[in-house]
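S.K.:
So this is what it looks like as structure tokens:
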């Protein structure tokens, strides 16, 4: 799907400019054209990007392929920017990164993405609802897009934080193999997030610091603000990484601790009963005659009591082990 | 709550300047105005910050939101500084970081915080008690604030140090699961502290090194002094981090060591008794006749002695294991 | 084998130039000569490289020996470049790096390799099929070679990714010693790949950034494109390294977890049966007379049932353990 | 204690200059004054430092408090240097760092320390014994002090090296919990030493590289020599850190190895005896009649032999286990 | 031993110049003097170095003491270089580093070492055999020395590589405590080698890059070649370090794996036999009368079969365990 927003230099607003009129709109140096390509086939978008806008074939190639590394390429007449949006599937503990390619010129912004991105939708509809959002120029539109993209990172980070707290409770409570799998899933998400935030931060740093003709020098402070936001996100994410690394260590230590306790009890039991079992066996040997009168030891009441003890002992032991969470 | 201190260029001191008079006070270029916002609602402080002081909306946004990353933003007419105070809850082993936002101009300092910070209180009341503290100008007030904030870090670091020593004693004494939980709590506190100290150090480095019109070049040496203090705190904190990392390793090694000892004893017991228990069972088989006369072995005294041994053996073993801290 | 392609400045194309004519071809400053040495003996290639082309002895030495470290040496009249191709033996999980030495001059490119490299073959035959590929000059031929070489890295990285996914399934399924060996093989491949990609990236960075007289300034953007590709590959490879490191940790944790479970069951069994076995032994002693009448307990039916239980109990236990994957 | 050495420009040497004459001595621009404060109360040394020498209050504060971080502060008229001496308590495996504060001016050097430092004593007495040592000027005295301080590091490093070798022998011999405690003590000493050497190196680097008016440019080569010495010490210390880290790994591996052996033997014993013990029990059941004549198996000689075996078997097993270092 | 080679500016070659003639030879600005000090007492070499050559006392001190850190000190009239040769004792897995101190002037080179170094011998004898080697000047001699020194590193690295392969085979075959000791020895050698290669690389980098009057600018390319060689060696050594680190991890994992298997079997055996042993004991109690006729179970043939089973069972179990490498 190709869709376009166009505001002429006279402030006339046009919501659905057909592709044939892009070339004309570009000639209007004080106008603003936003073209959004959503999941378009290459034979449909490539000609527009190459011929109408005159982008370099290498930049267009990068845009059409999903490369997933945020970067800024300065092509002098325009800037080519790769951004990433994130979607977090909370139950599956899975992070998806969606690529957004942006070409920014003086009087136009071209966005290209294979899957719908909610941040782009929000900015698009806010422009439609209120023309004021397009008055800041192309660089302000880029700022709005970047700001919306980055705003979606915080809830992801917060969900991961909550998940880590749950994990910690499980570890000191009743750790099992599922806890372990959960830890490793979270670890992967945090690593994935890092690979999104870290180059995004570099992109924003360049937009805030470098001198691009299509970004007003006074507007750089907005990109610096988003940059600061990303620095903070990166720090939080690093701290989450530390916490997950710590969780794994805790897990292993708790397991080791438990095993130590189990071994102690096994050794205690064995040490208590093995010697006296041997003694019992010793006097059970046929060297001895059943010579001495010990009627009370071998009467019916003793038998019944013994049976009861034999039923009660393992039952109590089992109950005790359940309570102590051994079995 | 909004409160303000004002010293005119003529040295007249006014303790409770109402917000309406801020604009006039700002015109007095050699005066000194300190406005402190404590937990004010946004609709109350935002207008003052934006209109009366004329701060940039992005800076005001940063101040009103709690962002928790110390930084210095140079807005040419003023500097926006984010600082952090710490509060350590010793029994719960929990570190709280409190944000303090500062706007520093030539003749004013504006502080904004959501929760009361003891360091701010102390500087405020020392100004009230003794006007001399306001004679150094706005940059001296900033120095006083920063110095008080940083002075509160050392007791925290010392408490952590004491806690680590206790932990080490426990590990080589009687390590258990609570020791482990304590180690991980301390680890988190040290990581948290690091994320406070490290950017604070960078902030002080910039205040001591960079050229800001509102900071007298001769006063930079004071900020360098606080910077040196923070470098030292950072080093101590890193060493605490090493020690805690080492504590966890020690814990695991001691546990492993213990388990090894337990296993050796279990194996020893089993090796001693299993063969002779088998022999006892062998001669207990009914292939043999109770043919030979061995009356002394099967008499009443032997029975009594056997009973006593059967009671004494596990009792002694249990007492020995207690003494050796097995069970 | 020595083979040569030659296009004169007039566009005349000659596919198999004999070595004797190299010197003459080099005088044609607007022509293009590509000489490819494949597994030639030193006494055959060294004279051509040293005398005909006039390369420095140190550079020729580097080319004739296999050194396996990508680099760029600027010899002013020409550039000496070491590149690496990779071949991945998927079943054996083994990565082979093949060295390709390139001398790039204004009107010639000399490639030297000991083993056939498929990327070189592809570029060679595309030049033969279509003379258009030689019209871009020597630097475009270098770009074509580099692009083909780097294009072969991605399938390797993808195969490793698939292998890691399989490993993770095995770990949470049924981990054994072969899983471990596989993890370590993958680890080594990823380390090897890193040692190829990392310096290759540096080579491309220099080709894209530095000013060489034999590389047209407008063509540097192509090398930057390959450089971006390598940056991405490096990032993916680093993430694979993290995942493999995580796999080893998972493996150890799962094994530890399993051992803990096994120990718990051993302890449970021992705790349940040792006390009652002792009791049985106690009453088996010859102190007691078979005095009381308990005929029903010692009749034939009881014997048969006991036998059946003795056969059934271990059979069921074994079946249960099989199902639980203990044995 | 305050003590002072004074050499006038005419070479007249005075060993015990009273504090009242310091001011006059300082006016002698080609003389040399060394004032040494040893454990003086603040109300005694502060006035001299602040008023007589005119040092900045911040520098004097740093000197009077023990801060333990080597650094160089350039106060233009003088340099304030914090140095560290070390004392190693070999039996307790404990490293003490002693702070030495130095103020270096053109014609004076002021040293301040809370505890006696042997390096300072040695330089002091060599000056007293031989006036030649004071002829090099204040910077040469500083060099002599620094050189002596650093010379004391090497024996410490060597003692640690010897201790590590002992540890390694213990690990492959008979590792126990004390070995572990020793490893962690050594680890802490090496970390402490690193925190001394690393900033000391930086101090010497600055003294050797930067341009201070009170250090003759030709004398910088001496500080560079001490700097090289510290670089080497740092390298050796890092290698010791690696070795100790390796020792801990070895310890854990050896323990794990031992535990594995123990487990194998436990399993071997259990596997050998459990089945036949069951068989013995099986035929000990009262289903069977003592029907068949097997007199030779149940005679007195068999009983005696059995008794002897029952005594000999565990004795030999115990002796064997002792020899194999199990118990 | 002091020995000297001297080539006059007229190309006259003198093999054994006595020390008395050094001063005169040095005046010959286009000649070349090589003096080699091998294990000379300080009172013999110090005067020559200090007086005849006029080296700085600090440089001479460094040369006479063994400091073992490669470095380059520029003394303007000459360069002082510390180099390291290595000797690898393959059976003992021990690396020895031999220090070679070099003073390089325009028309002389002075080498000083405490132990004979084979690389120096080789260069010395090649100079004696063929005067051509001395025609390149002092810097070429230095190149020849450095090249020979570095050429000896590769066989060491290759031996370590072979040793690591052997280790890996042992680990997946039959790991024991000796394997562990071998891993740690190799780890130490690789660390030692790193501490040789890394500063050597830096020395060569400086010789190849910096501007020294006694090194012809055109000859720097030779030092760059050795530098590239050292970069490669460093990379290979780092990869060996990774492999050894991986070996230790493998070792621990394999041991853990084995222990897990052993525990499973112990638990299996215990689970199979403990219940039925209890049953046997139960019916062995004297509550029961040997009342029912079961003659066939208690006859002589049954006894013989039982005896055979009792001998066969542990024998077979032991054989099986041997085959499975348990004992």
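Residue numbers (our numbering), protein chains in the order written: chain A, 542 to 868; chain B, 542 to 868; chain C, 542 to 868; chain D, 542 to 868; chain E, 542 to 868. Note that CB positions come from ideal geometry on N, CA and C, so glycine has one too. All values derive from a computational prediction rather than experimental measurement.
So, residue 869 of chain C versus residue 675 of chain C, is the Cβ gap smaller than 8 Å?
M.R.: The structure shown does not extend to residue 869 of chain C, since chain C is modelled only from 542 to 868, so the question has no answer here.
S.K.: Could you work out which residue in B:644, B:568, B:629 is closest to residue 637 of chain B when comparing CA atoms only?
M.R.: Of B:644, B:568, B:629, the residue nearest in Cα terms is B:629.
S.K.: If you draw a straight line from the alpha carbon of residue 733 of chain C to that of residue 780 of chain E, how long is it in whole angstroms?
M.R.: Cα to Cα, the separation comes out at about 8 Å.
S.K.: Of all the CB atoms in chain D, is at least one closer than 8 Å to the CB of residue 726 of chain E?
M.R.: Output row for residue 726 of chain E: interface = no.
S.K.: What residues of chain A sit near residue 612 of chain C, judged by a beta carbon separation below 7 Å?
M.R.: None at all; the shortest Cβ gap to chain A is about 25 Å.
S.K.: Residues of chain C with a CB under 9 Å from the CB of residue 800 of chain A: which are they?
M.R.: Within 9 Å Cβ-Cβ: 797, 800, 801, 804, 805.
S.K.: For residue 721 of chain B, which residues in chain A fall below 9 Å Cβ to Cβ?
M.R.: By Cβ distance, chain A contributes 713, 791, 794, 795, 798.
S.K.: Residues of the region 761-775 of chain B in Cβ contact with chain D at a cutoff of 9 Å, in chain order, please.
M.R.: Against chain D - using a Cβ distance shorter than 9 Å - the residues of the region 761-775 of chain B are 762, 763, 765, 766, 769, 770, 772, 773.
S.K.: Using Cβ-Cβ distances below 7 Å, what residues of the region 814-827 of chain E are close to chain D?
M.R.: Listed by position, the residues of the region 814-827 of chain E near chain D (Cβ gap below 7 Å) are 814, 817, 818, 821, 822, 824, 825.
S.K.: Does the structure place the region 742-753 of chain D close enough to the region 699-714 of chain D that three or more beta carbon pairs sit under 8 Å?
M.R.: As far as the Cβ criterion goes, the region 699-714 of chain D does not touch the region 742-753 of chain D, which means the pair count is below three.
S.K.: Please report the Cβ distance between residue 764 of chain C and residue 684 of chain C, rounded to the nearest whole angstrom; I am assuming they are in contact, meaning their Cβ atoms lie under 8 Å.
M.R.: Confirmed, Cβ separation roughly 6 Å.
S.K.: Quick check on DSSP: helix, strand or coil for residue 723 of chain A?
M.R.: Residue state, collapsed to three classes: helix.
S.K.: Can you list, in chain order, the residues of its chain whose CB lies under 6 Å from that of residue 555 of chain B, leaving out five sequence neighbours each side?
M.R.: Excluding positions up to five away in sequence, the list reads 547.
S.K.: Quick one: Cα of residue 580 of chain B to Cα of residue 563 of chain B, how far?
M.R.: Those two C-alpha atoms are separated by around 19 Å.
S.K.: So residue 753 of chain B packs on residue 553 of chain B, CB below 8 Å; how close in whole Å?
M.R.: At roughly 27 Å, the Cβ-Cβ gap does not stay under 8 Å, so residue 753 of chain B and residue 553 of chain B are not in contact.
S.K.: Using beta carbons (cut-off 8 Å, strictly below), is residue 552 of chain A in contact with chain B?
M.R.: Answer no: the Cβ-Cβ gap between residue 552 of chain A and chain B never drops below 8 Å.
S.K.: Answer yes or no: does any C-beta atom of chain A fall closer than 8 Å to that of residue 850 of chain C?
M.R.: Taking Cβ atoms only, chain A never reaches closer than 8 Å to residue 850 of chain C, which makes this a no.
S.K.: Is residue 687 of chain D helix, strand or coil by DSSP?
M.R.: Looking at residue 687 of chain D - three-state DSSP - the assignment turns out to be helix.
S.K.: Please confirm if the region 717-733 of chain B is in contact with the region 599-606 of chain B, defined as three or more CB-CB distances below 8 Å between the two stretches.
M.R.: Judged by Cβ distances under 8 Å, the region 717-733 of chain B makes no contact with the region 599-606 of chain B, as fewer than three pairs qualify.
S.K.: With a 10 Å radius around its C-beta and 16 neighbouring C-beta atoms as the bar for buried, classify residue 864 of chain B as buried or exposed.
M.R.: Exposed, by the Cβ-count rule.
S.K.: Are the region 716-728 of chain A and the region 603-622 of chain A touching by the rule of at least three beta carbon pairs closer than 8 Å?
M.R.: Result no; under three Cβ-Cβ pairs closer than 8 Å.
S.K.: Go through its chain and collect everything with a Cβ distance to residue 557 of chain A's Cβ below 6 Å, but skip five positions before and after it.
M.R.: Once the five neighbours on either side are set aside, residue 557 of chain A has no close Cβ partner at all.
S.K.: Please classify residue 821 of chain B: is it buried, with 16 or more other beta-carbons within 10 angstroms of its beta-carbon, or exposed?
M.R.: When all chains shown are included, residue 821 of chain B counts as buried.
S.K.: For a cutoff of 8 Å on Cβ pairs, would you count residue 549 of chain D as touching chain E?
M.R.: No, because no Cβ of chain E sits closer than 8 Å to the Cβ of residue 549 of chain D.
S.K.: Hey, does residue 752 of chain B have any beta-carbon neighbour from chain D nearer than 8 Å?
M.R.: Residue 752 of chain B does not count as touching chain D.
S.K.: Comparing alpha-carbon positions, which option in A:671, A:824, A:847 lies nearest residue 845 of chain B?
M.R.: Per the Cα distances, A:824.
S.K.: Residue 610 of chain E and residue 761 of chain D: beta carbons closer than 8 Å?
M.R.: It is not a contact, given that the beta carbons lie outside the stated cut-off.
S.K.: Using 8 Å for Cβ pairs, my map puts residue 943 of chain D next to residue 658 of chain D. What's the rounded Cβ distance?
M.R.: Limits of chain D in this structure are 542 at one end and 868 at the other, which puts residue 943 of chain D out of reach.
S.K.: Go to residue 655 of chain B, then tell me how far its beta strand (DSSP E) extends in each direction, as first and last residue.
M.R.: Residue 655 of chain B -> no beta strand (DSSP E), and no H or E assigned at all.
S.K.: Taking a contact to mean a Cβ-Cβ separation below 8 Å, would you say residue 583 of chain C touches residue 567 of chain C in this structure?
M.R.: No.
S.K.: Where does residue 626 of chain C sit, in a helix, a strand or coil, going by DSSP?
M.R.: Residue 626 of chain C falls in the strand class under three-state DSSP.
S.K.: Hey, residue 660 of chain C and residue 690 of chain C: beta-carbon distance below 8 Å or not?
M.R.: Yes, they are a contact pair.
S.K.: Can you check which of these residues, B:787, B:794, B:741, B:814, is closest to residue 642 of chain B by C-alpha distance?
M.R.: Of the candidates B:787, B:794, B:741, B:814, the one whose C-alpha sits nearest the C-alpha of residue 642 of chain B is B:741.
S.K.: With a cut-off of 8 Å, does the C-beta of residue 860 of chain E fall near any C-beta of chain D?
M.R.: No, because no Cβ of chain D sits closer than 8 Å to the Cβ of residue 860 of chain E.
S.K.: By the criterion of Cβ-Cβ separation under 7 Å, what are the contact partners of residue 810 of chain D in chain B?
M.R.: Chain B residues near residue 810 of chain D: 811, 812, 815.
S.K.: Flag this pair as yes or no: are the beta carbons of residue 695 of chain B and residue 804 of chain A separated by less than 8 Å?
M.R.: Result no, Cβ atoms of residue 695 of chain B and residue 804 of chain A do not sit closer than 8 Å.
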